[in-house]
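Chain order of the listed sequences is G and X.
Heads up: the first sequence at position 6 corresponds to 6 in full-length UniProt numbering, and the numbers run straight through without jumps.
Heads up: the second sequence at position 130 corresponds to 130 in full-length UniProt numbering, and the numbers run straight through without jumps.
The beta-carbon is built from N, C-alpha and C at its ideal position, and this holds for glycine as well.
Below you'll find the structure, written out as structure tokens, and then a few comments.
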Amino acid sequence: MKKSVLFGALTTAGLAAGAAQAATLDDVKERGELNCGVVTGLAGFGAPDANGVWEGFDVAVCRAVAAAVLGDPMAVNFVPTTGQTRFTALASGEIDMLARNTTWTFSRDTDLKFDFVGVNYYDGQGFIVPTALGVSSAKDLDGATICIQTGTTTELNLADFFRNNNISYEPVPVETNAEGQQQYLAGACDAYTTDASGLAATRATFENPGDHVILPEIISKEPLGPLVRHGDNEWADIVRWTLNALIAAEEYGVTSANVNELASAPGTNPEVNRLLGTEGELGGMIGLENDWAKNAIAAGGNYGEIFEKNIGENTPIGLARGLNAQWTNGGLIYAPPFR
Amino acid sequence: MTTTSDAPPKAGFRPSQLIYDTRYRSLTIQVIAFIALMLGLSWLVSNTITNLSALGKDFDFGFLGQRAGYDINQRLIEYDSTSTHGRAALVGILNTLLIAVLGCVLATIVGVLAGVLRLSKNWLVAKLMAIYVEGFRNIPVLLWILLIFALMTEATPQPRDFREGGDASMILGDTIAITNRGVFIPAPFWGAGAGILLAVFLVSLVAIFFWRRYAHRTQEQTGRILPIGWGTLGLLIVPTAVAFLALGMTSGRVTQPVLATGATEGMTLADYAASQQTINACAVPFSTESLNLRRLMRSQEIRFNYVAVEDAAGALTALEAGNCNILSLPASVDIATVPAGAVALSDTIRRGMPVEFERPVLGGFNFEGGLQLRNSLIALWLALSLYTGAFIAENVRGGILSVSKGQTEAAFALGIKPSRTMRLVILPQALRVIIPPMISQYLNLTKNSSLAIAVGYMDVRSTLGGITINQTGKELEGMLLLGLFYLVTSLIISSAMNLYNSRVKLKER
Chain G
1 MKKSVLFGAL
11 TTAGLAAGAA
21 QAATLDDVKE
31 RGELNCGVVT
41 GLAGFGAPDA
51 NGVWEGFDVA
61 VCRAVAAAVL
71 GDPMAVNFVP
81 TTGQTRFTAL
91 ASGEIDMLAR
101 NTTWTFSRDT
111 DLKFDFVGVN
121 YYDGQGFIVP
131 TALGVSSAKD
141 LDGATICIQT
151 GTTTELNLAD
161 FFRNNNISYE
171 PVPVETNAEG
181 QQQYLAGACD
191 AYTTDASGLA
201 ATRATFENPG
211 DHVILPEIIS
221 KEPLGPLVRH
231 GDNEWADIVR
241 WTLNALIAAE
251 EYGVTSANVN
261 ELASAPGTNP
271 EVNRLLGTEG
281 ELGGMIGLEN
291 DWAKNAIAAG
301 GNYGEIFEKN
311 IGENTPIGLA
321 RGLNAQWTNG
331 GLIYAPPFR
Chain X
1 MTTTSDAPPK
11 AGFRPSQLIY
21 DTRYRSLTIQ
31 VIAFIALMLG
41 LSWLVSNTIT
51 NLSALGKDFD
61 FGFLGQRAGY
71 DINQRLIEYD
81 STSTHGRAAL
91 VGILNTLLIA
101 VLGCVLATIV
111 GVLAGVLRLS
121 KNWLVAKLMA
131 IYVEGFRNIP
141 VLLWILLIFA
151 LMTEATPQPR
161 DFREGGDASM
171 ILGDTIAITN
181 RGVFIPAPFW
191 GAGAGILLAV
201 FLVSLVAIFF
211 WRRYAHRTQE
221 QTGRILPIGW
231 GTLGLLIVPT
241 AVAFLALGMT
251 SGRVTQPVLA
261 TGATEGMTLA
271 DYAASQQTIN
281 ACAVPFSTES
291 LNLRRLMRSQ
301 EIRFNYVAVE
311 DAAGALTALE
321 AGNCNILSLP
331 ASVDIATVPA
341 GAVALSDTIR
351 RGMPVEFERP
361 VLGGFNFEGG
371 LQLRNSLIAL
381 WLALSLYTGA
391 FIAENVRGGI
401 LSVSKGQTEA
411 AFALGIKPSR
421 TMRLVILPQA
431 LRVIIPPMIS
441 QYLNLTKNSS
451 LAIAVGYMDV
461 RSTLGGITIN
471 QTGKELEGML
481 LLGLFYLVTS
491 LIISSAMNLY
501 NSRVKLKER
């Protein structure tokens, strides 16, 4: 009898501990590891390399946050999520943040109770078709069979696009990008639709990328960015300003190569000094060490470096900066001032 | 003499008796266990409520009335992206029920065959069935679903291979196309007289019932055995076939005019199409009128939009509202009464046979017309049926083995044929052993159908439990509804099967 009472108490305590999820920052520090939700595998954005080490454009955000909070960019536990499981994983506290080409929308920010902390890639939904099909516009796709990742905004955009243009299609729902790719290559669908960046990344892994063409229509706005649970503003601030630090670093010419040198002594640019902690106490204001931004930048470089290394024009994915250039170069990437 | 009568002292109830008195102890334990259970449950509920409110989420089912916004490929009822989440859930429910019914039927057929054949005296047949049963029973059903789906996708030709110069062709006289997007089969269309045909068929079913009763009675009274099988088969086919031919010869030959608004009397369809920007044709889905109208349009290579209506009156209303500008009505409808100034074109269509089949034809990207059995449906159906069939086969084998061999020998001694021995002596006795485990196999199959998401089959788990939850963030509500649906379905299946079981079980009088 005594024993079962004890077990009951233990179970209750265990469940109660699992249910509590107040200060994410304290949890992460205590755990010594950041739980970061990522894509199940999308070349350039988030995929394990040959040694099983996760790398990619979205993964770099996780590493920067881990470096800022824990001082170690490798202290990340990557949790692969599908389009369907990602929100449940974040809402339940299984992951601390989600960095997985997720579109910032009104209802996700409000009704689903998440906070998008910024945009790390401005994207739009496109279509890829085999060149042999002879299709030059998405409006020619009347009656086509289209593979679509289920549980995404692209699913809704697709329905709206075909409805607006009064043409019909047959959706083939797939769970992951890999499954979509396999179905598309087998010819089980005429076209595959997802974010244009994802299409470029997927095409780069094809045997003959030249046999496939990405149609010119971009049918939606897809601002992709990391997000956290609603309600923990301190944690949201940390993720938001880590992303901003990466962006500001590119603007001020702070790179992974010169960050240690710049952080060793105050320089001429006061904004860089504040960013790197040689002047002011910005780190303390968000509950971190003063060298948080230095660590974040040292982890994988500034925003531009991360872009070029993972998805830039010199990689197989070959995406141009386009909308994702710094605002000073005519793009939309813009960090608020560090002061 | 001392009396040994030890009348117990009439002591009152003491609380310690609750633990030490065996009469009360079991009751005490039950009460404590019940309280603990209730406390646990109430803790779970309050914990859920607290955490939901901590996340700022409310608990309500209003999302079912919101616009769904996504499309579903296989829908048994009308649905598009402007329908509600509730409607999407209903589409999913129907898809789940479809696969459950198809699966249970095929699993029963496969299972009974395999179970009987595994007892065959033919070594090869028995061993083949043993391999089938052990192979399917011991490998997870998800693997079978994925394997069959991969086979269907990778090993079958694409629709564009069916074009001229391609290396694929349709089978069975160009009626069926097997592609990596599914199997396209001819679709039935119901024409004038389909109701009469159905009535004839129903009457012949009643006739079969009476014929069988008459045959049984004759046998009981006179011992004469009437040909039940042939009689049944004849009654099933002949009257319906005769009615079909008769209706085809009469009403099938009647033509009816094609009406169009804004046309002049006697204009040809081609001229009319050239004078209009868009052609919207009103037609009743799956009626021969709609089929023949479509055939006429196709033969003249006219593009048109299809406006589905309920019946002829609905078509007239739609015409009046300007939703369509062309339609076809039976000649019995007075053209003068047709609103919106529609006049008859010079082209006419045949009313058609009571039932006509439309063949799938290769269109722009894919086969058009006909009925598409998607690969996801086929993979799920075959895998679930073969998997569950293996278990049913073992139930059947066990049931047959449970009937003593003396029964067979006694039947043979009476000179009853082997086939009749099986049907009239062995199976009735075996059924009472077979049915109860069969119920749980049917339940398993129905619940396993929720693996549909693996191949993108849009069952209720994929619509309500997948996309809807994802778009609305109502995990708890969605999962509760989903659980409720499976619970109710399972209870219905098991009570229906229990009814059947009480009919076949051993009657003790």
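- In the DSSP assignment, A187 (chain X) falls within the unbroken beta strand (DSSP E) covering 187-190.
- Cα atoms of N280 (chain X) and L199 (chain G): separation of roughly 37 Å, rounded to the nearest angstrom.
- Spatial neighbours of L42 (chain G) in its own chain (CB-CB distance under 8 Å, excluding positions within 5 residues in sequence) are listed in chain order as G56, N101, N177, G198, A201, T202.
- Two segments are said to touch when three or more pairs of C-beta atoms, one from each, lie closer than 8 Å; by this definition the region 425-445 of chain X does not touch the region 48-64 of chain X.
- Taken in chain order, the complete alpha helix (DSSP H) segments of 4 or more residues contained in the region 447-503 of chain X are 469-472.
- Bridge pairing for W104 (chain G): absent [DSSP].
- Classified as exposed, A496 (chain X) has fewer than 16 neighbouring CB atoms from the shown chains inside 10 Å of its CB.
- The alpha carbon of Q441 (chain X) has as its nearest neighbour, out of X:R163, X:L106, X:I378, X:A241, the alpha carbon of X:L106.
- Taking every protein chain shown into account, the CB of H216 (chain X) has fewer than 16 other CB atoms within 10 angstroms, so this residue is exposed.
- CA-CA distance, K121 (chain X) to Y500 (chain X), rounds to 31 Å.
- Separation of A321 (chain X) and I148 (chain G) (C-alpha to C-alpha, rounded to the nearest whole angstrom) is 36 Å.
- Those residues of the region 182-214 of chain G placed with their C-beta closer than 7 Å to a C-beta in chain X are Q183, A186, G187, A188, D190, ordered along the chain.
- A direct Cα-to-Cα measurement between V455 (chain X) and S264 (chain G) gives close to 56 Å.
- Taking a 10 Å sphere around the C-beta of F13 (chain X), we find fewer than 16 other C-beta atoms and assign the residue as exposed.
- In the DSSP assignment, A89 (chain X) is bridged to no other residue.
- In the DSSP assignment, H216 (chain X) falls outside any beta strand (DSSP E) and lies within the alpha helix (DSSP H) extending over 194-222.
- Close partners of D142 (chain G) in chain X (Cβ separation under 9 Å): G364, F365.
- In this structure T315 (chain G) does not touch G46 (chain G) by the C-beta definition: roughly 14 Å separates them, more than the 8 Å allowed.
- Considered as a whole, the region 28-70 of chain G harbours 57-70 as its complete alpha helix (DSSP H) runs of no fewer than 4 residues, in chain order.
- Contact note: E175 (chain G) reaches chain X through I453, A454, G456, using a C-beta cutoff of 8 Å and chain order.
- As the crow flies, the alpha-carbon of V258 (chain X) is around 51 Å from that of R108 (chain G).
- The closest CA to that of L382 (chain X), considering only X:A88, X:P360, X:L142, X:A68, is found on X:L142.
- At a Cβ-Cβ threshold of 8 Å, L197 (chain X) and A270 (chain X) do not count as neighbours.
- Under DSSP, the beta-bridge partners assigned to S328 (chain X) are X:V258.
- The beta carbon of L64 (chain X) sits closer than 6 Å to the beta carbons of H85, G86 from its chain, once the five residues preceding and following it are set aside; these are given in chain order.
- Secondary structure note for I349 (chain X): its beta strand (DSSP E) is the uninterrupted segment 343-350.
- Rounded to the nearest whole angstrom, the CA to CA distance from V172 (chain G) to N73 (chain X) is 7 Å.
- Within 10 angstroms of the beta-carbon of N325 (chain X) lie 16 or more other beta-carbons, which makes it buried.
- For S287 (chain X), the three-state secondary structure derived from DSSP is strand.
- Counting only residues of its own chain and dropping the five nearest sequence neighbours on each side, A66 (chain G) has a CB closer than 7 Å to the CB of L34, D72, P73, A75, V76.
- Going by DSSP, Q74 (chain X) is part of no beta strand (DSSP E) at all; its letter is neither H nor E.
- DSSP places N77 (chain G) inside the beta strand (DSSP E), whose first and last residues are 76-81.
- V425 (chain X) sits in a helix when the DSSP states are folded into three classes.
- Interface criterion not met: the Cβ of D174 (chain X) is under 8 Å from no Cβ in chain G.
- Between the beta-carbon of T268 (chain X) and that of S346 (chain X) there is about 5 Å, and that keeps the pair under the 8 Å contact cut.
- Taking the C-beta atoms as reference points, R294 (chain X) is found no nearer than 8 Å to T175 (chain X).
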